[in-house]
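Numbering (our numbering), first residue to last: 16 to 364.
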């Protein structure tokens, strides 16, 4: 019986919607599935965890969902399950049906499990990519989400880079999409969805396509990467420990993609980016640094396209997807329009 229920939640969140000829659900139906059916299924799902099956459990939203200014809780609805009396809690990520538009869920869950095993991500207690549920330890008390202010602390930044490098030392992930591959994919998807795009979107895509062509001539050893350097994907403990979360862009690609997506977020100016890059590699090599910076520019364009796609297709129209997209387009445009962008591209080897 439990297995039947688990399959049903995937149909609610990812598949077709029975009962309406257009395959869509009313907002009230979405709310009902989250507040009723989904909670019952989550309760059954975590009942298999040691010590949880016979307890009185309270399940409630864990964090506010934000698409802007920070992409937080968007990919999967965040729940917190707490045992009454004991106070123990766990964190549940129930992937939203929008995830099928831009996430390889099995690869993301595999990456989260690897991070758990390596001690650089929250401990994974249970995962089922077929169902779309990921159950983890609840890093709540004594932990905070990373902020740009914390990225001014060298020890924190060094810990983030060290965690990325440890993950990169493992075997390849099944997914092998570069940021350039994703730009092409999401640009086509946004066009097909008739998404609102800036007037220069085609030009931006062509500029990054030119960069992709230049990168193909390089001898790049692909490794598993986190793939998303947004500072909200970093948890920091009161003691200064770091955990990486949200492995939804994890893939096998150039390790400089990781540092590039982090630098574009954490370092507002080039001198700071150079300093972080030098500390992360032990030396400063201009070609590698330029590659990392271009990856950061490409990351902005990718996320702009993802935001525009979700603004066009997601039923969650209260989330500011296009506001998030607009900021990423602006930041991408600022660099691509600079004469130095061409100079960076000429000096990638």
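Idealized CB from N, CA, C, for every residue including glycine.
* Asked: What does residue 74 pair with, by DSSP beta-bridge criteria?
  -> In the DSSP secondary-structure assignment, residue 74 is bridged to 96.
* For residue 204, which residues from the same chain have a beta carbon less than 6 angstroms from its beta carbon, with the 5 sequence-adjacent residues on both sides left out? -> The answer, listed in chain order, is 324.
* Per DSSP, what kind of secondary structure is residue 312 in: helix, strand or coil? -> Note: residue 312 maps to helix in three-state DSSP.
* Asked: Span of the alpha helix (DSSP H) holding residue 180?
  -> Where residue 180 is concerned, the enclosing alpha helix (DSSP H) stretches over 169-183.
* To do: Quick one: which unbroken beta strand (DSSP E) runs of 3-plus residues sit fully inside the segment 252-277? Chain order, please.
  => Complete beta strand (DSSP E) runs here, min 3: 257-259 and 266-268.
* Asked: Hey, how far is the Cα of residue 315 from the Cα of residue 65?
  -> About 42 angstroms.
* **Whole-angstrom distance between residue 200 and residue 330, CA atom to CA atom** => Approximately 21 angstroms between the Cα atoms of the pair.
* Asked: Under three-state DSSP, which class holds residue 118?
  -> Coil at residue 118, not helix or strand.
* To do: Put residue 322 into one of helix, strand or coil per three-state DSSP.
  => In the structure shown, residue 322 falls within a helical segment according to DSSP collapsed to helix, strand and coil.
* Please determine, among 360, 301, 290 and 154, the residue with the shortest C-alpha to C-alpha distance to residue 77. => Closest option to residue 77, Cα to Cα, is 154.
* Asked: Taking the beta strand (DSSP E) that residue 143 falls in, what are its first and last residues?
  -> That run of the beta strand (DSSP E) goes 139-143.
* To do: Measure the CB-CB distance between residue 290 and residue 242 and report whether it falls below 8 angstroms.
  => Residue 242 is positioned such that its CB atom lies no closer than 8 angstroms to that of residue 290.
* When the Cβ atoms of the segment 290-309 are set against those of the segment 181-189, are three or more pairs found closer than 8 angstroms? -> Cβ pair count under 8 angstroms is below three, so no.
* To do: Examine the Cβ distances between the segment 143-160 and the segment 292-300 and report whether three or more of them are shorter than 8 angstroms.
  => They do not touch, by the three-pair rule.
* Cβ shell of residue 248 (< 7 angstroms), same chain only, five flanking positions each side left out -> Excluding sequence neighbours, residue 248 sits near 259, 260 and 261.
* Asked: Is it true that the CB of residue 75 sits closer than 8 angstroms to the CB of residue 58?
  -> Contact flag unset, no.
* Buried versus exposed, by CB contacts within 10 Å (16 or more), residue 317 -> Residue 317 is buried by the Cβ-count criterion.
* Do residue 98 and residue 72 have their C-beta atoms closer together than 8 angstroms? -> The Cβ atoms of residue 98 and residue 72 sit closer than 8 angstroms to each other.
* For the beta strand (DSSP E) that residue 149 lies in, which residues bound it at each end? -> Secondary structure note for residue 149: its beta strand (DSSP E) is the uninterrupted segment 148-152.
* Identified DSSP bridge partners for residue 131 -> Answer is none; residue 131 lacks a bridge partner.
* Let me know the secondary structure DSSP gives residue 104 once reduced to three states. => Residue 104 falls in the strand class under three-state DSSP.
* residue 270 classed as buried or exposed, judged by whether at least 16 other C-beta atoms fall within 10 angstroms -> Taking all protein chains in view, the Cβ of residue 270 is crowded by 16 or more other Cβ atoms within 10 Å, so the residue is classified as buried.
* Note down, in chain order, each residue of its chain lying with its Cβ closer than 7 angstroms to the Cβ of residue 235, except the 5 sequence neighbours on either side. => Spatial neighbours of residue 235 in its own chain (CB-CB distance under 7 angstroms, excluding positions within 5 residues in sequence) are listed in chain order as 269.
* To do: Please confirm if the segment 339-352 is in contact with the segment 213-231, defined as three or more CB-CB distances below 8 angstroms between the two stretches.
  => The segment 213-231 and the segment 339-352 touch, with three or more beta-carbon pairs separated by less than 8 angstroms.
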